[in-house]
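Undergrad: Residue numbers (the working numbering), protein chains in the order written: chain D, 668 to 887; chain R, 668 to 887.
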DNA sequence: CAGGTTCTTGACCGGGCGGTCAAGAAATCC
DNA sequence: GGATTTCTTGACCGCCCGGTCAAGAACCTG
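1) Could you check what DSSP says for residue 786 (chain R) in three-state terms: helix, strand or coil?
2) Closest to residue 629 (chain D) by C-alpha separation, out of D:731, D:732, D:751, would be which residue?
3) According to the neighbour-count rule (16 or more other Cβ atoms, all chains shown, within 10 Å of its Cβ), is residue 693 (chain D) buried or exposed?
4) Kindly give me the distance between the Cβ atoms of residue 755 (chain D) and residue 708 (chain D), rounded to whole angstroms, as I take these residues to be in contact under 8 angstroms.
5) Identify the contact partners of residue 798 (chain R) in chain D, using a Cβ-Cβ distance below 9 angstroms as the criterion.
6) Beta-carbon of residue 852 (chain D) versus every beta-carbon of chain R: anything under 7 angstroms?
7) Given that a residue counts as buried once 16 or more other Cβ atoms are within 10 Å of its Cβ, and exposed if not, what is residue 854 (chain R)?
8) For a contact defined as C-beta to C-beta under 8 angstroms, what are the partners of residue 719 (chain D) on chain R?
9) Within 7 angstroms of any Cβ in chain R, is that where the Cβ of residue 795 (chain D) sits?
10) Going by alpha carbons, who is nearest to residue 729 (chain R) out of R:706, R:876, R:788, R:779?
11) Can you tell me whether residue 740 (chain D) is helix, strand or coil according to DSSP?
12) Going along the chain, which residues of its own chain have a beta-carbon closer than 7 angstroms to the beta-carbon of residue 743 (chain R), five neighbours each way excluded?
13) May I have the straight-line CA-CA distance separating residue 773 (chain R) from residue 764 (chain R), to the nearest angstrom?
14) Going by C-alpha to C-alpha distance, which of R:712, R:714, R:739 sits closest to residue 696 (chain R)?
15) What residue from D:828, D:878, D:820, D:715 has the CA that sits closest to residue 760 (chain D)'s CA?
16) Output the boundary residues of the alpha helix (DSSP H) element that contains residue 818 (chain R).
17) In chain order, what residues of the same chain have a beta carbon less than 7 angstroms from the beta carbon of residue 642 (chain R), not counting five sequence neighbours either side?
18) Who are the near neighbours of residue 783 (chain R) in its chain, counting only those whose CB is closer than 6 angstroms to its CB and skipping five residues on each side?
19) In terms of alpha-carbon separation, which member of R:816, R:857, R:767 lies closest to residue 793 (chain R)?
20) Would residue 716 (chain R) be called buried (16 or more neighbouring beta carbons within 10 Å of its own) or exposed?
21) If contacts are defined as beta-carbon pairs under 8 angstroms, then residue 713 (chain R) and residue 796 (chain R) qualify, I think. What distance do you get, rounded to the angstrom?
22) In angstroms, rounded to a whole number, what distance separates the CA positions of residue 876 (chain D) and residue 770 (chain D)?
23) If we ignore side chains and look at the alpha-carbon of each, how far apart do residue 879 (chain R) and residue 724 (chain D) end up?
24) Which residue from R:790, R:701, R:831 puts its Cα closest to that of residue 710 (chain R)?
25) Taking only beta-carbon atoms, is residue 716 (chain R) less than 7 angstroms away from chain D?
26) Does residue 813 (chain D) get closer than 7 angstroms to chain R when you measure Cβ to Cβ?
27) Which of the three DSSP states is assigned to residue 720 (chain D) in this structure?
28) So what's residue 730 (chain D) in DSSP terms, helix, strand or just coil?
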């Protein structure tokens, strides 16, 4: 912190206030460090678990002093929350980028599902952290919010598809929940290494099967 | 559960050796204490998380000294492992009890699915612990073994059903994995409170839907 | 170069954790 | 009733964890 010993001296306004506060002004170097911490922590948490991985493990792992951690993040919990938040943002951004090539709701739905599966395959680490997150309150709360968002996204799409008669009538919210459920489960498989060599021989085939499974269950 | 296979009689010399060793000779009182610890720990771990719940929390919660814990269990980790093991035993026992009323493989499959869903609804706590377990190695290892067992059980059934022509041809192992995946996911919903009031209005309806979903996906 | 801000260091701290153990209390056995 | 075994107590221990902070280094900006 450095901002003068105790208390905020006259040093300018807003930021600086607390340790690894919210919206710090980072230089390029700073952003790199932060990213490195985020990345290494994600990997470590996924491999050995959140609690068994200490802050010291993380800073040692990237070869910096402990203070660095608390310069960029206010606490260990907040770091995990940040990982979770960024993951959701990243997933949704990726989904949107894949979806805007389709132009009817059903096509968007399919693109969204494919995007989720592809993202899951690329982010097994994060999926493990998500599993952990559901088991402790502050994290579960954030995950519930995230889940709501994703389900609402999907529900809108399903409702549109129903309106257009592209899929059979039904409660859009329930259908959306089912879709998310299936994609979650499939994602978890890759995160947990549950897939047999044969089963994941072709990721594309796998995704085709999954998509068909979802759509058949829904359009049927 | 509880019951347990009453030990081998004849106070062999073996036991007694260490703290909360493996196969201690327990009196009725002892079994009660052990069960109380198991039950309270399960609830606490599910509510607040494994690591945030200390051994002191547990013993304080049932009003005994700390030594009691280590009389019945060799370590906190071993306690969780034990909870997980007993849960699997209990689930499988329940499944078998429900399945032997059916007599063709397809009927057994359906009964097994229903049994899993009913059990999940009654054991939301344990399901949370399972989620946690997947995130740390010693527990994940045990869970992988358990999952193998359940999938193998199911695979046999599916293979029989295919032989009889009751369901369409396909890789039994993959179909079994899909069935377990769906039931897991549905179980998680109740554990996580993901169900809306409306959706869980009737557990039976819900189960019917789920069963139909699985069987349609498979027989289709 | 001075002056400010961003970043880094690492010794340090209080506390809570998992786990131990010597000393008994309760049952149970003979 | 003595001896044996099962169970219980709770003070205690060492460790290591998350988090702090005074002291700089590095890097801007002018």
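The beta-carbon is built from N, C-alpha and C at its ideal position, and this holds for glycine as well.
TA: On the basis of the supplied data:
1) In the structure shown, residue 786 (chain R) sits in a helix (DSSP, three-state: H, G or I).
2) No statement about residue 629 (chain D) is possible, as the shown extent of chain D runs from 668 to 887 and does not include it.
3) So residue 693 (chain D) counts as exposed.
4) At roughly 17 angstroms, the Cβ-Cβ gap does not stay under 8 angstroms, so residue 755 (chain D) and residue 708 (chain D) are not in contact.
5) In chain order, 798, 799, 801, 802 make up the part of chain D whose C-beta sits under 9 angstroms from the C-beta of residue 798 (chain R).
6) For residue 852 (chain D), the nearest beta carbon of chain R is closer than 7 angstroms to its own beta carbon.
7) With 16 or more Cβ atoms within 10 Å of its Cβ, residue 854 (chain R) is classed as buried.
8) Within 8 angstroms Cβ-Cβ: 803.
9) Chain R contact via Cβ: present.
10) Of the listed residues, the one whose Cα sits closest to residue 729 (chain R) is R:706.
11) DSSP places residue 740 (chain D) in coil when its eight states are reduced to three.
12) Closer than 7 angstroms at the Cβ level, and outside the excluded window around residue 743 (chain R), lie 722.
13) Distance between the alpha carbons of residue 773 (chain R) and residue 764 (chain R): 16 angstroms.
14) When R:712, R:714, R:739 are compared, the shortest CA-CA separation from residue 696 (chain R) is found for R:739.
15) Comparing Cα-Cα distances from residue 760 (chain D) to each of D:828, D:878, D:820, D:715, the minimum goes to D:820.
16) For residue 818 (chain R), the enclosing alpha helix (DSSP H) stretches over residues 804 to 830.
17) Lying before the first or after the last residue shown, residue 642 (chain R) is absent from chain R, which here runs from 668 to 887.
18) Contacts found: 850.
19) Distances from the alpha-carbon of residue 793 (chain R) to those of R:816, R:857, R:767 put R:857 closest.
20) Around the beta-carbon of residue 716 (chain R), 16 or more other beta-carbon atoms lie within 10 Å, marking it buried.
21) Right, the Cβ-Cβ distance comes to about 6 angstroms (below 8 angstroms), so this counts as a contact.
22) In a straight line, the C-alpha of residue 876 (chain D) is about 22 angstroms away from that of residue 770 (chain D).
23) Take the alpha-carbon of residue 879 (chain R) and the one of residue 724 (chain D): they are about 49 angstroms apart.
24) Measuring C-alpha to C-alpha distances from residue 710 (chain R) to each of R:790, R:701, R:831 identifies R:790 as the nearest.
25) Look at residue 716 (chain R): its C-beta is under 7 angstroms from a C-beta on chain D.
26) No, its Cβ sits nowhere closer than 7 angstroms to a Cβ of chain R.
27) Shown here, residue 720 (chain D) sits in coil according to DSSP, grouped into three states, outside any helix or strand.
28) In this structure, DSSP gives residue 730 (chain D) a state outside helix and strand, which the three-state scheme calls coil.
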